[in-house]
Amino acid sequence: MSDDLSAFQRPGFARKYADFSVIGDRRGAREHRVRLLAGLRGRVIEVGAGNGRNFPHYPATVTEVVAVEPEHTLRGLAVAAARSAPVPVSVVAGHAGALPGEAGTFDAAVVSLVLCSVPAPAAALAEVARVLKPGGELRFYEHVRSERAVIGLLEDAVTPLWTRLAGGCRPNRDTLAEIRRAGFAVEEADRFAFSPQPLMPPFAHLLGRARLPVADESFM
Ligand SMILES: C[S@@+](CC[C@H](N)C(=O)[O-])C[C@H]1O[C@@H](n2cnc3c(N)ncnc32)[C@H](O)[C@@H]1O
C-alpha cells in the first residue's frame, strides 16, 4: 500500500488499547464480538482491525479475512493474533479511506469500534460499499452518541479532550444515520449500554447488520 499512514500512528494509545481491549473483552465485549461475527460466510474485509480481538471469533464458514489496520503497533499485534485465528486472516496496512481490493469482491465487511475513530465516516462507508458485492453485508459494533439529551450534550462537551486522549475516537457520532446515508438498509441494530472499563460509566453501543441493495437485474 503506497498511502502515507503517518497520520494514523499513535503508539502510546496503541499499547494502552492492547490492554484495555483485553479488559473490555472480559467485561462483555467478547460476547459482543461473537454476536457480531456469527453466521458470516465467504470473503470478509475487517476495517481497522486493531490488535485482532475479533479474529478468534470468525466462524468456519468464512473463507478469508482481509484485516486492514493503519497503526503499526496494533498491526503488529494483529499479525500475531492472525497466526492462531480459526480461519485464514491476512493483515494489511491501509486505512478506511482507501481500502485494498477491487470493487465488488467481498461478501461482507466488519467494523468494530472503528467508525468512532475514522476521520471521515461517510468516505469510509463509501469505500466499504465499493468493495462489497451487491447485496453484501456490513456488520457493525460501535459506541455512539446517547439518545438521552443531557448525556448526548455531555458527550459533545468531552469530545475534544476525549479525541486527543483516545486515539482520535469521538464519543458523539450518530453512526447508524451514517450507515443509512451510505445506502445500506439496516436489518438489525441492537442498542444497549455497556461499560468497557472499570470506573467508566455505561455508554450507548450498537451491534447490528446492514446490507447493500442487490444490483438491479431488470433489463429495461
Ligand atoms: C478502538 S480501536 C478498535 C480496534 C478493533 N476494531 C477492535 O474491535 O478492538 C480503533 C481502531 O481504528 C483504527 N483506525 C483509526 N482510523 C482508521 C482509519 N481511517 N481506517 C482504518 N482504521 C482506522 C485504529 O488504528 C484502531 O486500530
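Position in the sequence shown (from 1) plus 13 gives the number in the numbering used here. Each residue gets a CB set at the ideal place from its N, CA and C atoms; glycine is no exception. Please read these numbers as outputs of a predicted model, since none were measured by experiment.
Pairwise C-alpha distance: residue j and residue i
| i | j | result |
| --- | --- | --- |
| residue 201 | residue 192 | 12 Å |
| residue 96 | residue 161 | 42 Å |
| residue 127 | residue 55 | 22 Å |
| residue 227 | residue 103 | 27 Å |
| residue 241 | residue 210 | The requested residue 241 does not occur in the structure, where the chain is confined to residues 14 to 233. |
| residue 141 | residue 179 | 24 Å |
| residue 105 | residue 79 | 7 Å |
| residue 72 | residue 28 | 28 Å |
| residue 173 | residue 87 | 23 Å |
| residue 18 | residue 70 | 28 Å |
Beta-carbon gap between residue i and residue j smaller than 9 Å
| i | j | result |
| --- | --- | --- |
| residue 131 | residue 137 | yes |
| residue 75 | residue 100 | yes |
| residue 153 | residue 221 | yes |
| residue 41 | residue 207 | yes |
| residue 31 | residue 64 | yes |
| residue 157 | residue 223 | no |
| residue 121 | residue 57 | yes |
| residue 50 | residue 147 | no |
| residue 219 | residue 155 | yes |
Buried versus exposed call for residue i [16 or more other C-beta atoms within 10 Å across all chains shown]
| i | result |
| --- | --- |
| residue 177 | exposed |
| residue 66 | buried |
| residue 36 | exposed |
| residue 197 | buried |
| residue 186 | buried |
| residue 150 | buried |
| residue 134 | buried |
| residue 184 | buried |
| residue 204 | exposed |
Residue range of the beta strand (DSSP E) that includes residue i
| i | result |
| --- | --- |
| residue 239 | Nothing in the structure corresponds to residue 239, since the chain is present only between 14 and 233. |
| residue 17 | Run containing residue 17: none; DSSP gives neither H nor E here. |
| residue 59 | 55-60 |
| residue 179 | Note, residue 179: premise wrong, no beta strand (DSSP E); not H, not E. |
| residue 108 | Looking at the DSSP string, residue 108 is not in any beta strand (DSSP E), and its letter there is neither H nor E. |
Host alpha helix (DSSP H) of residue i (start-end)
| i | result |
| --- | --- |
| residue 45 | 43-50 |
Quiz item: Are at least three pairs of beta-carbons, each pair with one atom in the region 106-119 and one in the region 79-92, less than 8 Å apart?
Solution: yes
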